[in-house]
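Trainee:
2 protein chains.
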Amino acid sequence: MTDVRVAGVGLTRFGSHADRAGRDLFATAAERAFADAGVPRGDVEELNYGNYMGALAEHQGHQAPLMAEAAGVRCPATRYESACASAGVAVREAVRTVAAGDADVALAGGMERMTNLPTDEVTEGLAMAADDLFEVRSGVTFPGAYALMATAYFDAYGGERRDLAHIASKNHANALPNEYAQYRREVSVDEAMDAPPVAEPLHLYDACPITDGASALVIVSAEYAAEHDVDAPVAVTGTGQGTDRMALADREHLARTPAADDAAEAAYATTGVGPDDVDVAEVHDCFTIAEVLATESLGLFEAGEGIGAAREGVTTADGDLPVNLSGGLKAKGHPVGATGGSQIAELTRLLRGDHPNSEHVPDAEVGVAHNAGGTVASAVVHVLEVAE
Amino acid sequence: MTDVRVAGVGLTRFGSHADRAGRDLFATAAERAFADAGVPRGDVEELNYGNYMGALAEHQGHQAPLMAEAAGVRCPATRYESACASAGVAVREAVRTVAAGDADVALAGGMERMTNLPTDEVTEGLAMAADDLFEVRSGVTFPGAYALMATAYFDAYGGERRDLAHIASKNHANALPNEYAQYRREVSVDEAMDAPPVAEPLHLYDACPITDGASALVIVSAEYAAEHDVDAPVAVTGTGQGTDRMALADREHLARTPAADDAAEAAYATTGVGPDDVDVAEVHDCFTIAEVLATESLGLFEAGEGIGAAREGVTTADGDLPVNLSGGLKAKGHPVGATGGSQIAELTRLLRGDHPNSEHVPDAEVGVAHNAGGTVASAVVHVLEVAE
Numbered sequence: 040m041t042d043v044r045v046a047g048v049g050l051t052r053f054g055s056h057a058d059r060a061g062r063d064l065f066a067t068a069a070e071r072a073f074a075d076a077g078v079p080r081g082d083v084e085e086l087n088y089g090n091y092m093g094a095l096a097e098h099q100g101h102q103a104p105l106m107a108e109a110a111g112v113r114c115p116a117t118r119y120e121s122a123c124a125s126a127g128v129a130v131r132e133a134v135r136t137v138a139a140g141d142a143d144v145a146l147a148g149g150m151e152r153m154t155n156l157p158t159d160e161v162t163e164g165l166a167m168a169a170d171d172l173f174e175v176r177s178g179v180t181f182p183g184a185y186a187l188m189a190t191a192y193f194d195a196y197g198g199e200r201r202d203l204a205h206i207a208s209k210n211h212a213n214a215l216p217n218e219y220a221q222y223r224r225e226v227s228v229d230e231a232m233d234a235p236p237v238a239e240p241l242h243l244y245d246a247c248p249i250t251d252g253a254s255a256l257v258i259v260s261a262e263y264a265a266e267h268d269v270d271a272p273v274a275v276t277g278t279g280q281g282t283d284r285m286a287l288a289d290r291e292h293l294a295r296t297p298a299a300d301d302a303a304e305a306a307y308a309t310t311g312v313g314p315d316d317v318d319v320a321e322v323h324d325c326f327t328i329a330e331v332l333a334t335e336s337l338g339l340f341e342a343g344e345g346i347g348a349a350r351e352g353v354t355t356a357d358g359d360l361p362v363n364l365s366g367g368l369k370a371k372g373h374p375v376g377a378t379g380g381s382q383i384a385e386l387t388r389l390l391r392g393d394h395p396n397s398e399h400v401p402d403a404e405v406g407v408a409h410n411a412g413g414t415v416a417s418a419v420v421h422v423l424e425v426a427e
Numbered sequence: 040m041t042d043v044r045v046a047g048v049g050l051t052r053f054g055s056h057a058d059r060a061g062r063d064l065f066a067t068a069a070e071r072a073f074a075d076a077g078v079p080r081g082d083v084e085e086l087n088y089g090n091y092m093g094a095l096a097e098h099q100g101h102q103a104p105l106m107a108e109a110a111g112v113r114c115p116a117t118r119y120e121s122a123c124a125s126a127g128v129a130v131r132e133a134v135r136t137v138a139a140g141d142a143d144v145a146l147a148g149g150m151e152r153m154t155n156l157p158t159d160e161v162t163e164g165l166a167m168a169a170d171d172l173f174e175v176r177s178g179v180t181f182p183g184a185y186a187l188m189a190t191a192y193f194d195a196y197g198g199e200r201r202d203l204a205h206i207a208s209k210n211h212a213n214a215l216p217n218e219y220a221q222y223r224r225e226v227s228v229d230e231a232m233d234a235p236p237v238a239e240p241l242h243l244y245d246a247c248p249i250t251d252g253a254s255a256l257v258i259v260s261a262e263y264a265a266e267h268d269v270d271a272p273v274a275v276t277g278t279g280q281g282t283d284r285m286a287l288a289d290r291e292h293l294a295r296t297p298a299a300d301d302a303a304e305a306a307y308a309t310t311g312v313g314p315d316d317v318d319v320a321e322v323h324d325c326f327t328i329a330e331v332l333a334t335e336s337l338g339l340f341e342a343g344e345g346i347g348a349a350r351e352g353v354t355t356a357d358g359d360l361p362v363n364l365s366g367g368l369k370a371k372g373h374p375v376g377a378t379g380g381s382q383i384a385e386l387t388r389l390l391r392g393d394h395p396n397s398e399h400v401p402d403a404e405v406g407v408a409h410n411a412g413g414t415v416a417s418a419v420v421h422v423l424e425v426a427e
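In order, the protein sequences belong to chains A and B.
For the first sequence, the numbering used here gives the first residue as 40, with consecutive numbering after it.
For the second sequence, the numbering used here gives the first residue as 40, with consecutive numbering after it.
1) Could you tell me the distance, in whole angstroms, from the CA atom of threonine 120 of chain B to the CA atom of asparagine 87 of chain B?
2) Can you tell me where the alpha helix (DSSP H) holding histidine 387 of chain B begins and where it ends?
3) Could you tell me if alanine 204 of chain B is buried or exposed, where buried requires 16 or more neighbouring beta carbons within 10 angstroms of its beta carbon?
4) Going along the chain, which residues of its own chain have a beta-carbon closer than 8 Å to the beta-carbon of histidine 187 of chain B, five neighbours each way excluded?
5) Which class does asparagine 410 of chain A belong to by DSSP, given the choice of helix, strand or coil?
6) Is the distance from the Cβ of aspartate 375 of chain B to the Cβ of cysteine 123 of chain B below 8 Å?
7) Excluding the 5 residues preceding and the 5 following threonine 327 of chain A in the sequence, name in chain order all residues of the same chain whose CB lies nearer than 6 Å to its CB.
8) Starting from alanine 255 of chain A, trace the beta strand (DSSP E) both ways and give me its first and last residue.
9) In or out: arginine 201 of chain A buried (at least 16 other Cβ within 10 Å) or exposed?
10) So with Cβ pairs under 8 Å, would you call glycine 9 of chain A a contact of chain B?
11) Measure the C-alpha to C-alpha separation of methionine 92 of chain A and glycine 367 of chain A and round it to an integer number of angstroms.
12) Report the residue ranges of all beta strand (DSSP E) runs contained in full by the segment 131–218 of chain A; include only those spanning at least 3 residues, in chain order.
13) Does DSSP put glutamine 280 of chain B in a helix, in a strand, or in coil?
14) Could you work out which residue in B:Met150, B:Arg131, B:Asp359, B:Ser125 is closest to glycine 49 of chain B when comparing CA atoms only?
15) Can you say whether arginine 224 of chain A is buried or exposed, counting buried as having 16 or more other CB atoms within 10 angstroms of its CB?
16) Span of the alpha helix (DSSP H) holding valine 228 of chain B?
17) Among the residues of its own chain, which have a CB less than 6 Å from the CB of valine 128 of chain B, if the five just before and after it don't count?
18) In terms of residues, what are the limits of the alpha helix (DSSP H) holding arginine 113 of chain A?
19) Who pairs with tyrosine 91 of chain B in a beta bridge, going by DSSP?
20) Who are the near neighbours of glutamate 84 of chain B in its chain, counting only those whose CB is closer than 7 Å to its CB and skipping five residues on each side?
21) For the alpha helix (DSSP H) that proline 297 of chain A lies in, which residues bound it at each end?
22) What is the residue span of the beta strand (DSSP E) that arginine 44 of chain A lies within?
23) Straight-line CA distance for valine 134 of chain B to valine 322 of chain A?
24) Between glutamine 382 of chain A and chain B, is any beta-carbon pair separated by less than 8 Å?
25) Assuming histidine 421 of chain B and valine 275 of chain B form a contact by the criterion Cβ under 8 Å, report the distance between their Cβ atoms to the nearest whole angstrom.
26) What first and last residue would you give for the alpha helix (DSSP H) that runs through serine 397 of chain B?
27) Compute the Euclidean distance between the alpha carbons of glycine 140 of chain B and threonine 41 of chain A, then round it to the nearest angstrom.
28) Does threonine 310 of chain B get closer than 8 Å to chain A when you measure Cβ to Cβ?
29) Starting from the beta carbon of tyrosine 307 of chain B, find every residue of chain A whose beta carbon is closer than 8 Å, and list them in chain order.
30) Strictly by DSSP, which residues pair up with serine 125 of chain B?
31) Using 8 Å for Cβ pairs, my map puts isoleucine 249 of chain A next to methionine 153 of chain A. What's the rounded Cβ distance?
32) Within the chosen definition, does the segment 387–399 of chain A reach the segment 214–228 of chain A through at least 3 CB pairs nearer than 8 Å?
33) Using a beta-carbon distance below 8 Å, is glycine 392 of chain B in contact with chain A?
34) Would a check of beta-carbon distances place serine 397 of chain A closer than 8 Å to chain C?
35) Does DSSP classify tyrosine 119 of chain A as helix, strand or coil?
36) Considering just the uninterrupted stretch of the alpha helix (DSSP H) at leucine 423 of chain A, what are its terminal residues?
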């Protein structure tokens, strides 16, 4: 496998951009990524782009050519849709393309607009990531689905609402210095506990918000970086993807996410590192319980021990293994089709030492990103390492 | 590049399946592909799946995990959306994955349901493949867009409505023996000429129909085929993809399709063959004029000469270079997200000699497939060759 590097990252602020077209958001992210990379647009050989619900939000399918225009590149451009893992899959394809030697430079990322829709339409749109015939028509939406998963987890391994509140509070704290975060305000554990219920045992601060935003990454081969004097110290050493049954009713265990297990196993397999080597992680905390499940699938904690780690502060900024230093989906925000790219961007900044939260992980050399679709029927995991 | 083979192909009948769920259609196509290939489902390492408007037609995003279930495979599963080229892109990814040695067996294809929607909603859904801000809101839908392209072609190179009617009549004749075709009835040139106008110069028989259907292909490495005694005589020797500006107003020339030029150039580049070696072609005739543009982009005819070739019968079943022996999108039908896979399936059958129209190309060794998205803002080209 060719040595694959992240040459540059670009993000819009996450939040409400209801008055900006999707192509405009992606143009901003791409412009920042090219500026960060110092790579000319003309060198890009492929655009891998994630978007989930553009058909509903902007009456716009076939977005990849539009985003190529917006980014100022002319090359094969493809849209990937894997629900909330859309950008993770897009980044994965860019990594695989460069790894295979099919391209030296790829642009990857994603975009989502959501806040321009009425809230009930957003909820309906998100529900499309579950099984329409056997879940949605029975009334399942995502807060309810993840509530079932949280309940199953508590039943199997113990834990309680207050443990999840620690995760919400932690991620809000992490988002405070992040210039791209949607919510930059503290939420105490007690405040999270006192918030109104959404679907028991999940309350308001257990859920990520509705967010607009875009992410872009310039992915290059190490050879290209060396030849063109591009500073790209962070390598993508592993990529993995997994798939599970779609409907919760068809799963063996609601408190396990085997798609993410598979993705993690495949991602670690091509690296010289394992879970014990991970210094920092960005994981898919669409709900607080999802962060617990993610850290266990990544092997950072044993099954059933992720909740205790959260309770005991192991995953806080100053804990042994900081998780979601960006603020996570919870506080940084979750523009569905952009999120997977944002995670890699944030990890890259953390590993380079230029993230506002880098001070908490000054010696970090190995990072892992976990992006999930639906109730983790899809999962993508990437391993990033400081290469030089 | 690893030697990549088509081990098996599966199609549903194209037409109206308004009462069948999308997963059901894909299950049928996949079942037929596995039966044709003689490859066990458990060997599949990746599913590459195309779908365009499932969010509108079935309120179902995140379709790839559902389709993995329907096909009976458990592996990374991804949905690709590139408008009417969605399945072409999906097949391309499967080919690249096997070519790169990342997998020995991939399942690729696509599905679309359209006839369950009211016709005006289908038209609106298809329009999402154009630029919503700068085309659709000005009233452009696809018949109008392709009418502009036909007018530009006639202005630049000559030709007239009757030439296009020859293409409609030819493709309807080709569909007659095809068990998967939506329309199996003859349409004479005069009948096509007498049909009501849709958007001048295009009349009813210049347009493809609204279609439901699914396609599936089992793509394997030649090494896997040899080791497992799988009969896979057709190789995919070239794959290419191109992208153009989305809006017609931003293009230099409405009668050229540079995205397809780029895709064809890239596809031929890895092969030992060129346009002069092509024995049979399946091209994206969403409108009759599109077939002309496609054959020119593929290099089968010089710019401006495709229309004459159509008029003179060069591309008929018994002509020098049969185009769309399947019946094409025009008569076989166009289930948008399945079409690109169907083209490869039909070409494979033609090259293996087991297509109902194989008698017209008994010595065919080289086939080319051309799949386009929107007004060819996206294009994918594949070269297939008889390998043994």
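Ideal Cβ placement from N, Cα and C applies to all residues, glycine included.
Please read all numbers here as calculations on a predicted model, not as lab measurements.
Mentor: Looking at the atomic coordinates:
1) It is glutamate, not threonine, that sits at residue 120 of chain B in the sequence shown. The alpha-carbon atoms of glutamate 120 of chain B and asparagine 87 of chain B are separated by roughly 11 Å.
2) Note that residue 387 of chain B is threonine in the sequence shown, not histidine. Per DSSP, threonine 387 of chain B is one residue of the alpha helix (DSSP H) stretching across 378–391.
3) Counting Cβ neighbours within 10 Å, alanine 204 of chain B comes out buried, since at least 16 surround it.
4) A quick correction: the sequence has leucine, not histidine, at residue 187 of chain B. Here the set comprises Leu287, Leu293.
5) Annotated three-state conformation of asparagine 410 of chain A is strand, per DSSP.
6) Strictly speaking, residue 375 of chain B in this sequence is valine, with aspartate absent from that position. Yes. Within cutoff.
7) The residues are Leu203, Ile206, Ala207, Asp245.
8) First-last of the beta strand (DSSP E) with alanine 255 of chain A: 252–260.
9) Per the 10 Å Cβ criterion, exposed.
10) This structure gives no information on residue 9 of chain A, because the portion of chain A shown stretches from 40 to 427.
11) Each residue's Cα considered, the two are about 21 Å apart.
12) Complete beta strand (DSSP E) runs here, min 3: 144–151.
13) Reduced to three states, the DSSP call for glutamine 280 of chain B is strand.
14) Here the closest residue by C-alpha is B:Met150.
15) Burial call: exposed.
16) Valine 228 of chain B -> alpha helix (DSSP H) spans 228–233.
17) Around valine 128 of chain B, the same chain offers Tyr119, Ser121, Val419 as residues with beta carbons nearer than 6 Å, after the five sequence neighbours per side are excluded.
18) Secondary structure note for arginine 113 of chain A: it is in no alpha helix (DSSP H), with a DSSP letter that is neither H nor E.
19) Note: tyrosine 91 of chain B is not bridge-paired with any residue in the DSSP secondary-structure output.
20) Around glutamate 84 of chain B: Cys114, Ala142, Asp143, Val144, Ala145.
21) Counting along the chain, the alpha helix (DSSP H) containing proline 297 of chain A begins and ends at 297–308.
22) Run containing arginine 44 of chain A: 43–50, per the beta strand (DSSP E) assignment.
23) When only Cα atoms are considered, valine 134 of chain B and valine 322 of chain A end up about 31 Å apart.
24) Taking a beta-carbon distance threshold of 8 Å, glutamine 382 of chain A does not count as an interface residue toward chain B.
25) Right, their Cβ atoms sit about 6 Å apart.
26) Bounds of any alpha helix (DSSP H) do not take in serine 397 of chain B, whose DSSP letter is neither H nor E.
27) Computed Cα separation, rounded: 13 Å.
28) No, its Cβ sits nowhere closer than 8 Å to a Cβ of chain A.
29) Correct list: empty, because the minimum Cβ distance to chain A is about 15 Å.
30) Beta-bridge pairing by DSSP links serine 125 of chain B to no other residue.
31) Between methionine 153 of chain A and isoleucine 249 of chain A the Cβ distance is about 5 Å, and since that is below 8 Å, they are a contact.
32) Judged by Cβ distances under 8 Å, the segment 387–399 of chain A makes contact with the segment 214–228 of chain A, as three or more pairs qualify.
33) It does not; no Cβ of chain A falls within 8 Å.
34) In the displayed structure, chain C is absent; the protein chains listed are A and B.
35) Note: tyrosine 119 of chain A maps to strand in three-state DSSP.
36) Going by DSSP, leucine 423 of chain A is part of no alpha helix (DSSP H) but of the beta strand (DSSP E) stretching over 417–425.
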